[in-house]
Every structure is written in C-alpha cells, then in structure tokens.
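With UniProt numbering applied, the sequence shown corresponds to residues 1 to 200, in that order. C-beta: ideal position from N, C-alpha, C; glycine also. One structure is given below, encoded as structure tokens.
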Amino acid sequence: MSLLVWNCRGLGGPWTVRNLGSLIRENHPALVFLAETKCSSRQIDALKHKFDMNGLSVDSIGRSGGLALLWNELVDVILQTFSHCHIDVSVKLSDDQEWWRFTGMYGEPDTCKRDSTWRLLSHLHSQSARSWLCAGDFNEILDQSEKLGGPPRPVWQLQNFRQALVECELSDLGFSRNPFTWSNHHAFPHTVQERLESMC
Numbered sequence: 001m002s003l004l005v006w007n008c009r010g011l012g013g014p015w016t017v018r019n020l021g022s023l024i025r026e027n028h029p030a031l032v033f034l035a036e037t038k039c040s041s042r043q044i045d046a047l048k049h050k051f052d053m054n055g056l057s058v059d060s061i062g063r064s065g066g067l068a069l070l071w072n073e074l075v076d077v078i079l080q081t082f083s084h085c086h087i088d089v090s091v092k093l094s095d096d097q098e099w100w101r102f103t104g105m106y107g108e109p110d111t112c113k114r115d116s117t118w119r120l121l122s123h124l125h126s127q128s129a130r131s132w133l134c135a136g137d138f139n140e141i142l143d144q145s146e147k148l149g150g151p152p153r154p155v156w157q158l159q160n161f162r163q164a165l166v167e168c169e170l171s172d173l174g175f176s177r178n179p180f181t182w183s184n185h186h187a188f189p190h191t192v193q194e195r196l197e198s199m200c
C-alpha cells in the first residue's frame with residue numbers, strides 16, 4: 001500500500017491541483033493526506049469527485065490551515081478524531097481483517113504553541129494500541145542536519161520533538177530523494193531549506 005503525504009500550501013491554483021493529479025496517477029496511493037489546503041470542504045468534495053476518491057476534510061480558518069484525507073476503494077477508513085491540526089483514522093485494506101491507525105498531522109506553526117502539538121501526539125498515542133503510522137508536516141526538525149541556511153534551531157526545540165516521538169514510541173522512517181521539504185524561496189545567500197515533513 002502506498003501513501004501520499006503533502007503540505008500543498010494551498011489547493012486554490014490549477015497548477016497545484018494538476019500536480020496532485022499527476023502524483024495520484026503516477027503513484028496510485030491508497031491514502032492521500034494534505035496539509036494547509038487553505039480551502040473549504042466544498043472544494044475538497046470537488047477534488048474527491050475529480051480523482052474518484054473518498055475523503056474527509058477540516059476547513060481552513062480564513063486563508064490558513066485546512067486538512068484533507070482522501071482514500072481509494074482498496075481501503076476502509078473509519079474516522080476516530082480530528083482537529084485543525086490532525087485527522088486520526090482507523091484503516092484496513094478492504095480484503096484484510098487487520099485494522100491499523102493513521103494520523104495525519106500539521107504541527108502548530110507558532111513556535112510558542114508547538115508544545116500543544118506534542119501534547120496532542122501524546123494524547124493520540126494513549127488512545128489505541130494498534131499499529132500506528134503518523135505522518136505530516138510537524139513544523140519542526142529532529143536534527144540540525146535537517147536545516148540548510150539561516151541560524152540553527154534552538155536545541156530545546158529539537159529535543160522537545162525527539163522526546164515526543166520517544167514517548168509515543170514513534171521512529172522517524174527517513175526519506176529518499178530531496179532531504180528538504182520546505183524552502184523560504186529566497187536567493188542565495190539568504191536561502192533556508194528544512195525537512196519539516198516526516199513519517200513516524
């Protein structure tokens with residue numbers, strides 16, 4: 001089973017929707033989690049129809065936030081909980097008996113409020129003993145090597161993220177290809193790139 005997890009930074013433009021369609025056609029993901037959709041459930045409903053997928057969404061607040069989880073006919077999905085920064089579901093392949101858990105996360109972008117993300121992760125961990133995959137944009141890095149350019153992240157921020165993963169018995173699954181998932185899009189020497197999206 002393949003999954004697609006993407007902070008799309010807005011689904012309002014045709015280019016982003018075309019890119020999403022290409023990713024779905026090329027990779028055939030059973031689950032698609034989208035963060036920062038910046039759109040309404042009505043717009044996500046149109047995407048579900050366009051890509052012939054089932055799904056659910058959390059509306060954006062104005063022009064920020066918004067989450068969506070789409071899935072194809074190969075999986076059964078039952079919603080457990082959701083908020084402006086997560087969607088937690090039970091999942092199983094349609095022809096399988098074993099349920100597991102998927103949580104799509106969008107970490108609090110405000111550093112001063114980031115602890116609320118780690119508390120939510122801890123709460124979700126306490127809710128089920130099923131096999132658990134947690135993925136998304138945590139808005140945090142685990143190590144200074146996951147950042148290129150700009151000042152280093154304060155060590156306590158990295159430690160808080162690492163500690164949250166340890167307490168929730170989650171391990172970073174790593175990456176292939178480009179190690180950086182975010183850029184400030186500034187010209188050198190002011191470029192900053194970071195790996196903010198993780199699968200655990």
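In the DSSP assignment, ALA129 forms no beta bridge with any residue. Nearest C-alpha to LEU165 among ILE141, PHE82, ASN72, LEU69: ILE141.
With contact defined as three or more Cβ pairs closer than 8 Å, the segment 93-105 and the segment 133-152 are in contact.
Cβ neighbours of SER40 within its own chain (closer than 6 Å, five residues either side excluded): ASP59. In chain order, LEU56, VAL89 place their CB closer than 7 Å to the CB of LEU79, counting only its own chain and leaving out the 5 sequence neighbours on each side. Counting along the chain, the unbroken beta strand (DSSP E) around ILE78 starts and ends at 75-83. Fewer than three Cβ pairs drawn from the segment 123-130 and the segment 146-161 lie within less than 8 Å of each other, which leaves the two stretches out of contact. The beta carbons of ILE87 and LEU70 sit no closer together than 8 Å. Contact between LEU74 and SER94 holds: CB atoms are separated by about 6 Å, below the 8 Å threshold. In this chain, LYS50 is not harboured by any beta strand (DSSP E); it is covered by the alpha helix (DSSP H) spanning 41-51. Between the C-alpha atoms of THR117 and TRP15 there is a straight-line separation of about 30 Å. According to DSSP, MET105 shares a beta bridge with HIS86, GLY136. By the Cβ-count criterion, VAL155 is exposed, with fewer than 16 other Cβ atoms from all chains shown falling within 10 Å of its own Cβ. In summary, LYS38 is buried, with 16 or more beta-carbon neighbours lying within 10 Å of its beta-carbon over all protein chains present.
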